[in-house]
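Enquirer: Before anything else, here's the structure in question.
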Amino acid sequence: MKKILFFLLLTLAARPAFPQEPEHPLTFNGVPMGGPIDEFVSEMEKRGLKLSDWNLEHADWSLKYMTGDFAGFLCNLTISPMFGKTWLILVNFPEYKSWEPLQIIYEGLQKKLIDKYGEPAEVVEEFRTDRQPETDSMRMAALHADQCRYFTRFDFDRQSIELSINNYRGDSVYVNYISLRYLTSIPEIGVINDPETDTIPAAENSVRNNNQ
Numbered sequence: 002m003k004k005i006l007f008f009l010l011l012t013l014a015a016r017p018a019f020p021q022e023p024e025h026p027l028t029f030n031g032v033p034m035g036g037p038i039d040e041f042v043s044e045m046e047k048r049g050l051k052l053s054d055w056n057l058e059h060a061d062w063s064l065k066y067m068t069g070d071f072a073g074f075l076c077n078l079t080i081s082p083m084f085g086k087t088w089l090i091l092v093n094f095p096e097y098k099s100w101e102p103l104q105i106i107y108e109g110l111q112k113k114l115i116d117k118y119g120e121p122a123e124v125v126e127e128f129r130t131d132r133q134p135e136t137d138s139m140r141m142a143a144l145h146a147d148q149c150r151y152f153t154r155f156d157f158d159r160q161s162i163e164l165s166i167n168n169y170r171g172d173s174v175y176v177n178y179i180s181l182r183y184l185t186s187i188p189e190i191g192v193i194n195d196p197e198t199d200t201i202p203a204a205e206n207s208v209r210n211n212n213q
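Take the sequence shown: its letter number 44 is residue 45 in our numbering, and every next letter is one higher.
Spelled out as structure tokens, the structure:
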């Protein structure tokens, strides 16, 4: 637990942030981000999501965990507030053991995001292997060896959305899933970080711990 909290603090300190409130805040499930966390959670509960009994609380920050339907899938949500405001939402979709459903769902979500927000700021879809994998098992092997990068990022009005295919090593097995990250801006934060190192391992680790 101490290790999770340590990496969480590093992650929160390193996240890209924007010093002004956006003119049009991101909405999640029809609810604007950037407002009080308790109000946001209450609105999610009205939409059928359930708040977990296992949440991280600290004097300066907290993490809220919820489960429920999103985009037609049963998902796990991590809601990370800053200064009491809903700042970052991480959505983890169900786990899959083969590449095909991961790619199909990724491309379906990508299309929905493009239809809503327009062309993305960055798209990386590649296998960093000696030769292109030709079978499902070869693609999964590349994913497990961290030789696969699939993500799409949308940037607008000092906010971002990132869609990605991910995996981690669980208890002797690999867990493969798709995640969506929503990040809005609040004026209290003024830290900016190199986007090349902008990742969210702590939030993901916390969700894994919650699911065990």
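Think of the CB as a built atom: it goes at the ideal place given N, C-alpha and C, for glycine as much as any other residue.
#1: What's the C-alpha gap between Val42 and Leu52?
#2: Which partner residues does Asp70 have in the DSSP bridge list?
#3: Determine which residues share a DSSP beta bridge with Glu123 and list them.
#4: Pull up the distance between the alpha-carbon of Gln133 and that of Glu108, whole angstroms please.
#5: When the distance is taken between beta carbons, is Trp88 closer than 7 Å to Pro95?
#6: Could you give the DSSP three-state label for Val174: helix, strand or coil?
#7: Ignore the nearest five residues each way along the sequence and tell me which others in Asp222's own chain have a CB closer than 7 Å to its CB.
#8: Pop quiz: Leu64 and Asn56 are said to be a contact at Cβ under 8 Å. What is the actual Cβ separation, rounded to whole angstroms?
#9: By how many angstroms is the C-alpha of Tyr66 removed from the C-alpha of Ser165?
#10: Cutting at 7 Å between CB atoms, please list the residues of its own chain near Thr130, excluding the five before and the five after it.
#11: According to the Cβ coordinates, are Gln160 and Ser180 closer than 7 Å?
#12: Here's the rule I'm using: 16 or more other beta-carbon atoms within 10 Å means buried, otherwise exposed. How should Thr136 be labelled?
#13: So, at 6 Å on beta carbons, what are the nonlocal neighbours of Gly171 in its own chain, with the 5 sequence-adjacent residues on each side left out?
#14: Go through its chain and collect everything with a Cβ distance to Met34's Cβ below 6 Å, but skip five positions before and after it.
#15: Please name the residue, chosen from Phe155, Asn177, Tyr175 and Glu101, that lies closest to Glu120 on a Cα-to-Cα basis.
#16: Can you tell me whether Glu163 is buried or exposed? The criterion is at least 16 other CB atoms within 10 Å of its CB, across all chains shown.
#17: Tell me, which residues are paired with Ser161 by DSSP?
#18: Which residues bound the beta strand (DSSP E) around Leu89?
#19: Taking 7 Å as the threshold (C-beta atoms), are Arg182 and Leu110 in contact?
#20: Using only alpha-carbon positions, find the residue among Ser138, Asn177 and Lys47 that is nearest to Tyr151.
#21: Nearest by alpha-carbon distance to Phe128: which of Ile115, Gln104 and Lys113 is it?
Expert: A quick look at the data gives this:
#1: 8 Å
#2: Leu75
#3: Arg154
#4: 19 Å
#5: no
#6: coil
#7: Because the chain is modelled from 2 through 213, residue 222 falls outside the range shown and cannot be assessed.
#8: 6 Å
#9: 20 Å
#10: Ala143 and Gln148
#11: no
#12: exposed
#13: none
#14: Pro26, Leu27, Thr87 and Thr185
#15: Phe155
#16: buried
#17: Asp156 and Leu184
#18: Lys86 to Asn93
#19: no
#20: Asn177
#21: Gln104
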